[in-house]
Structures are given as structure tokens and as C-alpha cells.
Amino acid sequence: MSRPTVFDLSGRIALVTGAGSGLGTEFAEALADAGADVVCADIDAGAAAATAARVEKYGRRALAVTADVSREDQVREMVAATTAEFGRLDVLVNNAGIADAHPEPVHRFSSEDWHQVIDVDLHGVFYTAKHALAVMVGQGSGKIINVASMWGLAGSSSVFPIPAYSAAKGAVVNLTRELGLEYATSGIQVNALCPGFYRTRLAGGAYDDPDFVSAITAFTPMGRIAEAEEIRGPAVFLASAASDFMTGQMLVVDGGCLAK
1 MSRPTVFDLS
11 GRIALVTGAG
21 SGLGTEFAEA
31 LADAGADVVC
41 ADIDAGAAAA
51 TAARVEKYGR
61 RALAVTADVS
71 REDQVREMVA
81 ATTAEFGRLD
91 VLVNNAGIAD
101 AHPEPVHRFS
111 SEDWHQVIDV
121 DLHGVFYTAK
131 HALAVMVGQG
141 SGKIINVASM
151 WGLAGSSSVF
161 PIPAYSAAKG
171 AVVNLTRELG
181 LEYATSGIQV
191 NALCPGFYRT
201 RLAGGAYDDP
211 DFVSAITAFT
221 PMGRIAEAEE
231 IRGPAVFLAS
241 AASDFMTGQM
251 LVVDGGCLAK
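Residue numbers (UniProt numbering): 1 to 260.
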């Protein structure tokens, strides 16, 4: 299927973290479908390799990399592997993340769970952006898509308490604004995607719970949960020339939740 030139990613090199499952797999496939070669990074080596195989079915080159984004040394090696294989880095989808393992109000929330979520969802975004930007600044161009959440722009407890996730995603939102400003004159655009409820495994088995599904469906003005592949269009928009005059912004894709 032909696509407008403004959305064409032919010749671009993309790196997707958390590419082994959920929205990460969708991001990797979407960028490959738009013409990019894709580095598929995940803490699960087998999952990264499986997504890389999916990318190759689009006729694109792929590289599977194993990395824990909460470890800066592994992030450094991940970016180095990207440039060693492809010579450049044009698009980063800063997607790797985890949810609160045991959602509870703060007075009952585990400090161990707090630090684990912050380490991955915030520190991981910082480390990955830091090392990707070092490459992009040298090139004089690049796109960074930080994957935040609608819960980075509003509190979640009208539905359920997830304090660590909400805090981390709120920080990612403002980090995106900061990076957008810092690199606005460097040919680099930094924006964030803020998804609402998408049917993935991030929430563990929550989507198998009919009461949970009923609650979030009722909370969403469109009256449904998004399918994971519905994230593809917004991702390609932010990765492509279509968003060249957009930086430091949040693209909310939540079925209308934050319009309330």
C-alpha cells in the first residue's frame, strides 16, 4: 500500500525499547511498515528476536538486542550496537516500561515496588534518551518518542491507585517538554505519546478480569478499549516528517478520557 511521502521512513534507523511485547511490538512493526530498519530491544532476548523476525517480514533489516533499560551500562551498549550495525540512529521509541505490580494507595504501597517502577519507567527513559541524543546531536537530526500515559497528565485513582506509574509517567511528560526545548535548534524533535487503555499484557491479567474491563470501558468516552495496533498511526506520525514542526508535546490517544 502506498503512503504519502511525509510519512515515509525509508532509509531511517529506528530503535524501539520494550519491543518484545505489547505496544513495543506494534511500534516496531509500524516503523518497519513505513520503511525503517528497526533495532528491537527488550530485557527478554527471545521476545526481542521474535519481534525482529516480524520486522524482517516487511523486507526491512532488523537487529535484536537484549537490554535492561534500568541499567545505564546496558543502555550504552544497546545504542552502541545500533550505531555499529547501522551507522546512525534516526528514531528512538522510548517505550520500555512496567506497571505497579500491586496497586495500592500510597500508605500501603511497597517501597520496593516504587523503586522498581521508577527505575524502569523514568530512569530508563532518561538513560536511553541521553545516549540516543549523543548520537543524534552529532548527526544534526533525530526523533524521540517517549511513551508516557494519560496518567502522566492526570491522577489515576478515579479508576485505580497506581502511584509509582503515575509519578513516573508525569515525570516523563515534563522531561519530554524539557528535552523538546533543549534540542529544538539541533534538528531533533522530542515528543511523547500518552495512551489510554490499550489491550496489552502490561496490566498482567487485568484484561481477563470482567469487572476491570467493565470499569475502564465505562470510564472511556468512546466506550471501548483500544486494540494494540491502533497505536501504529500516532507512532508513525511522530517518527516521520509529518511532525517536523512539533516538539515538547504530548499526543494523547485515550478515547476521550482526558477531555472530560
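Just so you know, even glycine gets a beta-carbon here, dropped at the ideal spot from N, CA and C. Please read all numbers here as calculations on a predicted model, not as lab measurements.
Beta carbon of residue i, beta carbon of residue j: below 8 angstroms?
i      : j      : result
Val213 : Pro234 : no
Gly35  : Arg61  : no
Leu122 : Ile144 : no
Ser21  : Ala45  : no
Ala148 : Leu92  : no
Gly152 : Val172 : yes
Val135 : Val79  : yes
Leu258 : Ala154 : yes
Met150 : Pro210 : no
Asp113 : Ala101 : yes
Gly255 : Thr200 : no
Asn174 : Asn94  : no
Pro163 : Phe197 : no
Arg88  : Gln139 : yes
Helix, strand or coil for residue i, going by three-state DSSP, please let me know.
i           : result
Asp73       : helix
Thr247      : coil
Ile13       : strand
Ile231      : helix
Val65       : strand
Ala81       : helix
Arg201      : coil
Val159      : coil
Ser214      : helix
Gly35       : coil
Tyr127      : helix
Phe219      : helix
residue 269 : Any question about residue 269 goes unanswered here, given that the chain covers just 1 to 260.
Asp100      : coil
Tyr165      : helix
Phe27       : helix
Thr51       : helix
Phe86       : helix
Short of 7 angstroms in beta carbon distance, which residues of its chain neighbour residue i, apart from the five on each side in sequence? Order them along the chain.
i      : result
Pro161 : Pro103, Glu104 and Pro105
Val69  : Thr17, Val75, Ala96, Val120, Gly124, Tyr127 and Thr128
Val38  : Ala14, Val16, Ala28, Leu31, Ala32, Val55, Arg60 and Ala62
Leu181 : Gly248
Met246 : Gln189 and Asn191
Phe86  : Ile13 and Asp37
Return the chain-ordered list of same chain residues with a C-beta closer than 6 angstroms to the C-beta of residue i, the five sequence neighbours on each side being excluded.
i      : result
Gln249 : Asn191
Ala206 : Phe212
Phe237 : Ser243
Ser141 : Gly187
Ala67  : Ala41, Gln74 and Met78
Ser10  : Gly35
Thr82  : Leu15, Val39 and Leu89
Ile43  : Asp68
Bridge partners for residue i per DSSP, in chain order?
i      : result
Asn146 : Asn94 and Ala192
Cys40  : Val16 and Ala64
Val236 : According to DSSP, Val236 bridges with nothing at all.
Ala226 : Tyr198
Val252 : Cys194
Within a Cβ cutoff of 8 angstroms, which residues of the same chain sit near residue i, ignoring the five residues on either side of it in sequence?
i      : result
Glu26  : Ala228, Glu229, Ile231, Arg232 and Ala235
Val6   : Ser240, Ala241 and Ala242
Ile216 : Val159, Phe197 and Ile225
Closer than 8 angstroms, CB to CB, is residue i near chain C or not?
i     : result
Val91 : Here there is only one protein chain, and chain C is not present.
Using only the heavy atoms of the ligand NAP, determine whether one of them is closer than 7 angstroms to the beta carbon of residue i.
i      : result
Pro105 : The ligand NAP is not part of this structure, which contains no ligands at all.
Discussion item. So, does the segment 125-142 touch the segment 215-230, judging by three or more C-beta pairs under 8 angstroms?
Written reply: By the Cβ rule, the segment 125-142 does not count as touching the segment 215-230, because fewer than three pairs are nearer than 8 angstroms.
Discussion item. Is it the case that the segment 151-160 contacts the segment 51-58, given that we only count it when at least three CB pairs across the two stretches are under 8 angstroms?
Written reply: Too few Cβ pairs lie closer than 8 angstroms, so no.
Fill in: Cβ contact check for the segment 185-200 and the segment 117-127: 3 or more pairs under 8 angstroms
Contact between the segment 185-200 and the segment 117-127 is not established, with fewer than three Cβ pairs separated by less than 8 angstroms.
Worksheet item: Counting Cβ pairs, one atom from each stretch, are 3 or more of them under 8 angstroms apart for the segment 161-170 and the segment 227-246?
Response: No, because fewer than three Cβ pairs between the segment 161-170 and the segment 227-246 fall closer than 8 angstroms, the two stretches do not touch.
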